[in-house]
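Trainee: Start counting at 1 in the sequence shown, then tack on 89, and there's your number in this note's numbering. We treat Cβ as the ideally placed atom computed from N, Cα and C, and that holds for glycine. Being a predicted model, the structure only gives us computed values, none of them experimental. I'd like to ask you about the structure that follows.
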Amino acid sequence: MKVLKNEKHQGYSPVLSQISDNQIHGDYKESFFIGIESSNDTPFCRANIWPNPDVLPGWQATMEKYHQEALRVCKAIARVLALALDVDGDYFDKPEMLGNPLAFMRLLHYEGMSDPSKGIYGCGPHSDFGMMTLLATDSVMGLQICKDRDVKPRKWEYIPSIKGAYIVNIGDLLERWSNGIFKSALHRVLGNGQDRYSIAFFLQPSHDCIVECLPTCQSENNPPKYPAIKCSTYLTQRYQDSQVDLSIDKKQT
Ligand SMILES: O=C(O)CCC(=O)C(=O)O
Ligand SMILES: [Fe+2]
């Protein structure tokens, strides 16, 4: 499986290779990451790594179709969010916003038993970095959210999966855009010993998009809470913080 991973974390990532905010151990999950297909090696874009079609015939085409359809769903949701924030429905539809979105998907498999008191998680507490995440899960319970991260001790609630429905997470960049009107939910995954599978589709704006408080979300009494930031600058930092140093693993490959 090691051949299926590159330096940009595309392809396969083994158990314990990713770490969430303020966590000591890596996550008890393995994943397969599919990014934006690109022949030039630009930040966040690179040729994807695909399993040999002789081993998994048709898999690449199925994943590419899923990526395309999930992006379509996210863009439709972005229209609803724009209207809710009192800007034009196509506000986020501009080339500099979602024209060339950094849309990534991660196929996830969790295993083992979590123990939050020891910092052992399927996926440690975190918020998603981007604009929104479409989450498809199987029926094995595991995902929890914390509605108010500032209340201690934190209260965690399970989110049941609904057959045929997506879970939509608000991400940190949308919280910044909306000046905190939409809150990016802190969430985590607990393993209960059963195998659990999910697909996360992360929608981030275009590489050079400047994410700054929308005009309708600020006033004299409610100034912007976050400074404007370029999408790529923000994501670079967040991705670096979330990868365990795999230098030992790298030396072996
Ligand atoms: O698998 C899940 O239910 C959640 C996954 C998740 O939060 C993530 O990958 O960011
Ligand atoms: Fe997440």
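1. What residue range is occupied by the uninterrupted alpha helix (DSSP H) comprising residue 162?
2. Would you mind stating whether residue 289 and residue 152 have Cβ atoms separated by less than 8 Å?
3. With distances taken between CB atoms, is the gap from residue 280 to residue 199 smaller than 8 Å?
4. For residue 317, which residues in the same chain have their Cβ closer than 6 Å to its Cβ, ignoring the five residues on either side in sequence?
5. At what residues does the alpha helix (DSSP H) containing residue 322 begin and finish?
6. Taking contact to mean at least 3 C-beta pairs separated by less than 8 Å, is the stretch 204 to 219 in contact with the stretch 269 to 277?
7. For a quick check, are the C-beta atoms of residue 209 and residue 233 less than 8 Å apart?
8. Does residue 290 come out as helix, strand or coil in the three-state DSSP assignment?
9. Nearest-angstrom Cα distance between residue 268 and residue 304?
10. Name the two residues that bound the continuous beta strand (DSSP E) containing residue 275.
11. Taking Cβ to Cβ, would you say residue 294 is nearer than 8 Å to residue 187?
12. Short of 6 Å in beta carbon distance, which residues of its chain neighbour residue 265, apart from the five on each side in sequence? Order them along the chain.
Mentor: So, from the listed chains and residues:
1. 148 to 173
2. no
3. yes
4. 299 and 301
5. 320 to 330
6. yes
7. no
8. strand
9. 10 Å
10. 275 to 278
11. yes
12. 300 and 315
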